[in-house]
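Residue numbers (my numbering), protein chains in the order written: chain A, 1 to 371; chain B, 372 to 668; chain C, 669 to 994.
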């Protein structure tokens with residue numbers, strides 16, 4: 001959360017992003033993403049890590065404008081810098097919405113749905129797939145089962161590059177398949193997704209995503225649906241492609257080991273908010289004193305090989321994922337926090353901590369940072 | 372057009388604990404409400420008809436009051452023989468109501484049995500049952516009915532029996548696909564592993580818990596179809612004969628008066644048909660949205 | 669190159685379907701044949717009234733019509749003729765059933781298919797629009813309107829249409845009876861029954877509902893989301909599973925229903941179709957004609973189903989591998 005102005009090589013700068021869904025049944029807002037801010041520099045990999053349900057996927061989808069289901073709003077600003085120009089992907093949307101708040105909590109939203117949807121479509125057009133590409137969890141179900149793999153990649157190519165002839169596009173697709181290390185690419189072009197393994201499907205998706213040479217690649221749990229051995233290969237592939245193409249990646253996962261291998265900078269999310277943000281080496285450094293209790297718990301929950309051998313008990317984090325509807329007063333992690341002491345307990349229960357800088361570019365949302 | 376979202380509740384409660392009327396779409400509720408009203412009307416018409424609680428005698432010819440427009444005496448006017456139209460419409464519900472129930476019961480009973488057996492057992496039983504049901508499905512209903520009428524000169528009950536039989540394949544295939552769905556989800560395997568008795572599995576778990584919705588919805592759609600068929604048949608002159616009133620033959624009788632400018636004779640029963648079919652259909656549709664359709668997120 | 673992989677398995681699938689269809693048609697013919705012969709009444713009464721009740725003459729007629737043989741023999745001989753394309757001769761007119769059937773059958777088919785097209789033209793756009801969720805009230809209004817249309821009794825609707833066209837536009841609905849080319853008279857009058865049946869056949873509501881359910885389900889699939897993420901048109905991607913397949917399913921499922929409605933409409937508009945022939949033949953106990961009509965109807969229904977299978981096979985690449993339906 002740089003408080004300076006937009007740094008020149010920042011590809012994406014997200015500020016105060018909120019994605020709320022409205023539930024008619026419970027007559028309340030589901031605050032999936034509750035004021036999230038981060039930025040990604042060119043050539044950098046930002047990893048967002050957290051448990052299921054903490055809002056990391058929704059963050060990615062909000063950036064891509066994939067949230068159209070259901071009533072709700074997306075607010076804040078998403079600044080995309082591309083070719084020297086900065087665009088706000090949420091610009092003007094607030095015109096369609098009027099909000100009533102009470103003590104920082106949103107109570108009522110009145111929205112012109114049709115206008116809002118139309119406007120957000122206009123904003124995202126020309127960006128989706130071209131400037132920002134995304135790859136998904138469960139690669140097999142993310143590919144159209146009725147169209148050949150080659151056709152799908154060729155579609156991407158024809159949409160986003162200057163190639164408009166189908167034949168040329170298919171040839172280009174074959175080259176990309178080779179680049180993602182798929183065997184006999186010219187044969188694979190005519191396969192349908194159901195005939196391909198999970199790993200291969202993911203490679204195909206990566207090929208599709210990178211074929212438009214995007215400024216930003218969003219990887220939403222790219223390894224979660226795959227076998228462990230394949231996971232490693234995909235991560236290797238991503239690393240390699242990152243070097244080759246100087247990719248900027250927003251990586252989302254709940255798997256710490258993936259983060260450790262790929263990310264340069266990490267944002268830890270909990271309950272729709274970022275609770276720690278900083279360079280990987282600082283966060284991962286076990287000698288560092290000050291880290292968010294949740295981060296520490298996450299890192300600790302990963303057993304080492306010795307512990308597995310000794311059949312030690314897993315260090316799970318006690319408690320449950322917080323629900324994103326209930327309006328909390330204090331810190332959301334309070335119940336599950338192992339590190340709270342008497343000094344901070346009162347503050348923890350009173351009000352939610354703000355992000356406090358504990359090192360250069362290293363922030364944390366916890367009262368333990370003070371003093 | 373602005374939509375308002377207001378935060379009222381913020382406490383946690385399990386989704387399924389919220390009663391149905393809270394989690395239902397307003398639109399579905401309206402549909403169901405309308406449908407229920409129609410059902411009520413049809414039911415009360417039937418009862419009134421049986422008990423002869425009518426404003427006028429539906430067969431009572433009164434040539435002095437022919438072709439009168441609706442007024443306070445005759446709410447829907449009179450027809451070309453001076454008979455009160457409203458009474459005739461009320462009595463007209465007799466033509467399809469009971470026979471319709473017969474048709475529905477037959478279709479549902481045999482259809483669920485066939486669907487359950489063929490879905491649960493699979494294999495050869497399934498093939499045989501499917502074959503027989505496909506046979507029934509191969510010929511259009513109307514063709515069968517016409518043939519049957521020409522051959523047997525049957526009463527409305529027999530006709531509705533045939534209609535019920537022709538609906539068996541539809542019900543059976545819906546139930547069967549539900550059973551297969553449960554099979555795929557390992558529901559049945561799990562139940563067997565728990566040691567539940569086969570009879571219990573089939574009747575209590577599959578049928579009662581899972582297929583209730585299908586049965587109810589097919590019943591409503593079935594009634595809508597029955598009304599359509601019966602009125603079509605009596606329009607063509609095959610069902611209820613004059614002077615007994617049926618909505619169909621009332622439309623038929625009234626059609627000749629169209630060109631004289633007297634629409635009401637035909638239109639009143641046609642509107643009755645319209646509202647009844649619509650009501651049953653909306654009821655079924657609303658219930659379907661409510662009970663079957665898993666809301667996607 | 670890609671499609672050469674598909675031909676063989678699709679052919680296998682289609683042949684299998686064809687085989688089952690033939691079995692079904694056999695079953696249907698057997699069933700109807702048996703019912704015909706065990707039902708009350710017999711074909712001879714058309715002749716007995718005209719001629720004397722001389723037992724010798726009756727026996728002669730019986731022999732001529734082939735009714736003196738056992739039922740099984742009669743059935744097998746009918747089947748034998750059928751395979752050679754001979755539908756037999758009508759008891760009443762003595763003319764080949766086939767030519768009679770073709771004349772009226774084609775008319776009924778025109779009515780059926782035409783009205784199916786009309787129904788789809790109304791139902792599919794409404795279904796698509798209402799699943800977009802953009803303007804909820806408009807789409808709900810449209811849907812409700814369609815439901816009301818669908819619940820209108822078709823015979824009444826037909827008469828209203830005739831009345832409007834006769835009074836307001838002075839187009840009179842008098843087809844020269846028995847002239848299959850009587851459509852020369854008025855294009856509008858030709859279209860009218862088709863449109864009326866298209867609106868009034870009662871399947872609009874089901875088609876809308878089914879299409880909407882399927883389309884909404886498909887639009888929420890992962891691959892549509894991914895297609896959106898790459899900037900592709902979701903319509904192109906959802907077309908196959910969300911529109912094409914449900915439409916063919918509905919066509920196959922509703923053809924029998926629409927055929928039935930056609931019979932009613934034929935009566936209202938005096939359309940020279942199969943309905944009248946079926947009715948007359950049933951009264952006459954004209955067995956060959958009845959069998960011919962039944963087979964004709966069954967074939968039409970199965971053609972609908974077969975085309976559904978073929979479309980499924982082409983659309984779903986998995987059928988080529990496993991030989992199963994979609």
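Backbone N, C-alpha and C fix where the C-beta goes; we use that ideal spot for every residue, glycine too.
Contacts that residue i makes with chain A (C-beta to C-beta distance below 8 Å)
i: residue 905(C); result: 144 and 147
Below-8 Å beta-carbon distance, residue i vs any chain B residue
i: residue 28(A); result: yes
i: residue 675(C); result: no
i: residue 33(A); result: no
i: residue 873(C); result: yes
i: residue 792(C); result: no
i: residue 740(C); result: no
Under 8 Å between C-beta atoms of residue i and residue j
i: residue 353(A); j: residue 363(A); result: no
i: residue 915(C); j: residue 788(C); result: yes
i: residue 399(B); j: residue 650(B); result: no
i: residue 626(B); j: residue 891(C); result: no
i: residue 172(A); j: residue 182(A); result: no
i: residue 978(C); j: residue 792(C); result: no
Residue i - partner residues in DSSP beta bridges
i: residue 101(A); result: 106(A)
i: residue 45(A); result: 249(A)
i: residue 414(A); result: Residue 414(A) is absent from the model: chain A starts at 1 and stops at 371.
i: residue 552(B); result: In the DSSP output, where bridge partners are listed per residue, residue 552(B) has none listed.
i: residue 15(A); result: 77(A)
i: residue 384(A); result: Because residue 384(A) is not part of the residues shown, which for chain A are 1 to 371, the question remains open.
i: residue 154(A); result: DSSP lists no partner for residue 154(A).
i: residue 216(A); result: 132(A)
i: residue 269(A); result: 274(A)
i: residue 449(B); result: 455(B)
i: residue 72(A); result: 21(A)
Proximal chain C residues relative to residue i, where beta-carbon distance stays under 7 Å
i: residue 602(B); result: 821
Nonlocal neighbours in the same chain, by C-beta distance under 8 Å from residue i, ignoring five residues either side
i: residue 124(A); result: 64, 65 and 89
i: residue 696(C); result: 962, 963 and 966
i: residue 693(C); result: 963, 966, 967 and 970
i: residue 596(B); result: 534 and 538
i: residue 613(B); result: 620 and 624
i: residue 896(C); result: 902
i: residue 403(B); result: 653, 654, 657, 658 and 661
Contacts around residue i, its chain only, beta-carbon distance under 7 Å, and the 5 residues preceding and following it disregarded
i: residue 96(A); result: 111, 112, 115, 116 and 119
i: residue 186(A); result: 174
i: residue 705(C); result: 739
Within-8 Å CB hit, residue i to chain C
i: residue 187(A); result: no
i: residue 362(A); result: no
i: residue 200(A); result: no
i: residue 641(B); result: yes
i: residue 55(A); result: no
i: residue 194(A); result: yes
i: residue 111(A); result: no
The ligand ZN heavy atom lying under 7 Å from the CB of residue i
i: residue 516(B); result: Judged by which ligands are present, the structure shown has none, so any question about the ligand ZN falls away.
Per-residue contacts from residue i into chain B (C-beta, under 8 Å)
i: residue 108(A); result: 375, 376, 377 and 378
i: residue 958(C); result: 518
Chain B residues whose Cβ lies nearer than 7 Å to that of residue i
i: residue 396(A); result: Since the first residue shown for chain A is 1 and the last is 371, residue 396(A) is missing from the structure and cannot be characterised.
i: residue 394(A); result: Limits of chain A in this structure are 1 at one end and 371 at the other, which puts residue 394(A) out of reach.
Short CB-CB distance (under 8 Å) between residue i and chain A
i: residue 985(C); result: yes
i: residue 930(C); result: no
Neighbourhood of residue i by C-beta, 6 Å cutoff - its chain only, sequence neighbours within 5 removed
i: residue 540(B); result: 504, 507 and 508
i: residue 847(C); result: Because the pLDDT of residue 847(C) is 39, which lies under 50, any placement of that residue in the model is unreliable, and the question is left without a value.
i: residue 434(B); result: 453
Within chain C, the residues that residue i reaches when beta carbons sit closer than 8 Å
i: residue 133(A); result: 897 and 898
9 Å Cβ cut-off: residues of chain C touching residue i
i: residue 636(B); result: Near residue 636(B) there are no residues of chain C at all, since even the closest Cβ is about 11 Å away, more than 9 Å.
Interface partners of residue i on chain B, CB under 9 Å
i: residue 914(C); result: Correct list: empty, because the minimum Cβ distance to chain B is about 15 Å.
Where residue i meets chain A, residues with beta-carbon distance less than 7 Å
i: residue 909(C); result: 146
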